[in-house]
Ligand SMILES: Nc1ncnc2c1ncn2[C@@H]1O[C@H](COP(=O)(O)OP(=O)(O)OP(=O)(O)O)[C@@H](O)[C@H]1O
Ligand SMILES: Nc1ncnc2c1ncn2[C@@H]1O[C@H](COP(=O)(O)OP(=O)(O)OP(=O)(O)O)[C@@H](O)[C@H]1O
Ligand SMILES: [Mg+2]
Ligand SMILES: [Mg+2]
């Protein structure tokens, strides 16, 4: 379960304050599939990074299963994240010097004893249609192929929570449907908790509920 | 006018050949707005890079207004590209050390005497809704904001040809519509030639015709 209370995030650029989040509270129960929509710049990625413990809020608190990030050391927060959270970044964040296989394997190595089993990795690779591209480095992959490698990397350890930032933004409808079917299947059969940002209204419909953001707030 | 004849592009990865383009021919007349659709990995970005003179085909020829890339020196091809072609990249390719204003201004400086006028730049910035973000560097911008800066940069010199690789992939519907309206307006009022890759069927409908790609070929 993810709990967030009164999240505020203010960035400073020169003399100006950018209010990226203006007081966001939410609760995602274990096993939910929540989608997040809203205009460009409305604070979606900022929210996801804070939920994942990658960014500190200016004020407010996030807890994972009752453990508040603010009460943990950096090392403890990193360990919590590595064991529980898979993250698909809006710009993929693949390591440029490793090929697709290496990027996915690195995620398994980092998880140590919590690493996913090889059969799960192989099944994901086939479901996402990237088996023929495992030897390619990121700059030798199409945009949509990079995105699918990023998705495989996020899912390979069967994380309890998946935070996905526009995972179908670079995909055609056929591949997009395949990805959403995979996410829905993992949610229904493994009870994986998913928070997914999307601009695609059809993709938003895959969640069991949708949060709308505008100007740094969740709006009813 | 853009003419392409029998384009083949083969990448080599280790022992394996990847046939990204398998014989593509096309003609885009001056003033056309052509959209390109197709599955992830079907060769769309490869085609666009070759049309823009950024990548050499393995075989085949591209000509811009009758001048074949293959007959030009590297310096001549670069000059032809800078004067005539604006490119919106699938991953934006903004310079990380410059802010949004700097990225856009650099495009004007590079064009030298062919630079667009400041009024055109200012109008684009307002139409794309990025005026409040000009002091932000790319990693201080949302995904959709980076995309809109990349679009402004490509258009600021009023290039005769715009090659746009999924320019609305990271945008919500409102911003996406705004971008497509801008492109349609430039095409209709200035006669700007546009070749746009998109996964969004609604966006594809903005062109006067659509090319479908599958497995490295244009299919009827
Ligand atoms: N530098 C490279 N080296 C090897 N293979 C490459 C390279 N660039 C692209 N490819 C391969 O060529 C094929 C076509 O790539 P391309 O980027 O043109 O696809 P695309 O249609 O733009 O896909 P997407 O919709 O996912 O962006 C892909 O299968 C990709 O893996
Ligand atoms: N590091 C930063 N420094 C300054 N401002 C930032 C930074 N990161 C984000 N912002 C600003 O905060 C606002 C929210 O950004 P965020 O990335 O959360 O938006 P988003 O909803 O994900 O947008 P998109 O749909 O375009 O990806 C944006 O206006 C952006 O310019
Ligand atoms: Mg975002
Ligand atoms: Mg592409």
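Chains as they are written, first to last, in this note's numbering: chain R, 1 to 220; chain X, 221 to 440.
Beta carbons: idealized from backbone N, C-alpha and C, even for Gly.
Predicted model, so just to flag it, every value in this text is computed and none were measured.
Which of the residues in the region 167-184 of chain R, read from start to end, lie with their CB under 8 Å from any CB of chain X?
-> 169, 170, 171, 172, 173, 174, 175 and 176
Extent of the continuous alpha helix (DSSP H) to which residue 174 of chain R belongs = Its alpha helix (DSSP H) spans residues 173-190.
Measure the alpha-carbon distance for residue 220 of chain R versus residue 128 of chain R and round it to whole angstroms.
-> 35 Å
Counting Cβ pairs, one atom from each stretch, are 3 or more of them under 8 Å apart for the region 196-212 of chain R and the region 26-35 of chain R?
-> yes
Between which two residues does the alpha helix (DSSP H) carrying residue 39 of chain R extend?
-> Premise fails: residue 39 of chain R is in no alpha helix (DSSP H) and is neither H nor E.
Exposed unless 16 or more other CB atoms sit within 10 angstroms - verdict on residue 145 of chain R | buried
Taking 8 Å as the threshold, find out whether the region 77-90 of chain R comes into contact with the region 46-58 of chain R through three or more Cβ pairs.
-> yes
Whole-angstrom distance between residue 230 of chain X and residue 104 of chain R, CA atom to CA atom | 26 Å
Can you tell me the Cα-Cα spacing of residue 59 of chain R and residue 198 of chain R, whole angstroms?
-> Answer to the nearest angstrom: the Cα atoms are 26 Å apart.
Give me the Cα-Cα distance between residue 342 of chain X and residue 285 of chain X, rounded to the nearest whole angstrom.
-> Here the alpha carbons of residue 285 of chain X and residue 342 of chain X stand approximately 30 Å from one another.
Residue 29 of chain R to residue 67 of chain R span [Cα, whole Å] = 14 Å
What three-state label does DSSP hand residue 279 of chain X in the structure shown?
-> strand
Any idea if residue 405 of chain X is buried or exposed, counting beta-carbon neighbours within 10 angstroms, 16 or more meaning buried?
-> exposed
Does any heavy atom of ligand 2 sit closer than 7 Å to the C-beta of residue 308 of chain X?
-> The answer is no for residue 308 of chain X.
Mind checking whether the beta-carbon of residue 390 of chain X lies closer than 7 Å to any heavy atom of ligand 5?
-> Questions concerning ligand 5 fall outside what the structure shown contains, since the ligands it does hold are ligand 1, ligand 2, ligand 3 and ligand 4.
Apart from the five residues on each side of it in sequence, which residues of its chain come closer than 7 Å, Cβ to Cβ, to residue 290 of chain X?
-> 281
Alpha carbon to alpha carbon, how far is residue 7 of chain R from residue 63 of chain R? Give it in angstroms, no decimals.
-> 12 Å
Distance, residue 12 of chain R Cα to residue 354 of chain X Cα | 14 Å
Any non-hydrogen atom of ligand 4 within 7 Å of residue 385 of chain X CB | yes
With respect to 7 Å, is the separation between the Cβ of residue 396 of chain X and the closest non-hydrogen atom of ligand 2 below this value?
-> no
Taking C-beta to C-beta, are residue 379 of chain X and residue 304 of chain X nearer than 8 Å?
-> yes
Residue 15 of chain R beta carbon near ligand 2 (any heavy atom closer than 7 Å) | no
Is any heavy atom of ligand 2 found at a distance shorter than 7 Å from the C-beta of residue 54 of chain R?
-> no
Beta-bridge partners of residue 17 of chain R, as assigned by DSSP = R:12
Quick one: which residues of the region 345-370 of chain X get their C-beta closer than 7 Å to a C-beta of chain R? List them in chain order.
-> Going along the region 345-370 of chain X in chain order, one finds 355, 356, 360, 362, 363, 364 and 365 with a Cβ nearer than 7 Å to chain R.
For residue 432 of chain X, three-class secondary structure by DSSP | strand
Quick one: measure Cβ to Cβ for residue 415 of chain X and residue 268 of chain X, integer angstroms, because I've assumed they're closer than 8 Å.
-> 7 Å
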